[in-house]
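In the numbering used here, the protein residues as written are 157 to 323.
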């Protein structure tokens, strides 16, 4: 079986993340996979910062990628693959910004001009933060090994897809 958590981990507080990681370990069977996609920050970057904490996500707790990997491994998961989506998110956030501009009147009617302006600023600033490597988005694939240490994963990423080619 498999469990995924998409951009949830950055909303789990630092003190609560070990319990979150332990829950991921607990809900997947031995040999099962866990995919965590979450935002990260550079080691010396502030992450969300005051603007995001005040206007967008007051519960944002971005941590460096290595800290998240360590927390997952401390919970008993074995990290098998990490992929950075930072450059992809530069384009993704820019596309969201273009959609916001294209549908500005609809958005303003829905949330009001003040909130629309806040989100405009957030998207522009977010794209810049991803571009400058102050923020990132990462996918971390891990497994819960069996008691005998069996991961249930093919030996290499290339072999992951061989089964699909034969199907």
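From the three backbone atoms N, C-alpha and C, an ideal C-beta is built for every residue, glycine too. Source: prediction; values computed, not measured.
Spanning the alpha carbons of residue 177 and residue 227 requires a straight line of approximately 7 Å. A residue is called buried once 16 or more other Cβ atoms fall within 10 Å of its Cβ, and residue 197 is buried on that count.
The three-state reading of DSSP puts residue 288 in coil, since its state is none of H, G, I, E or B. Under the criterion of beta carbons closer than 8 Å, residue 249 and residue 292 do not qualify as touching, at roughly 12 Å. Of the candidates 213, 303, 298 and 222, 298 places its Cα closest to the Cα of residue 313. DSSP, reduced to helix, strand and coil, places residue 158 within a strand of the structure shown.
The DSSP-derived three-state label of residue 256 is helix. When C-alpha distances from residue 182 are compared across 233, 170 and 240, the shortest belongs to 233.
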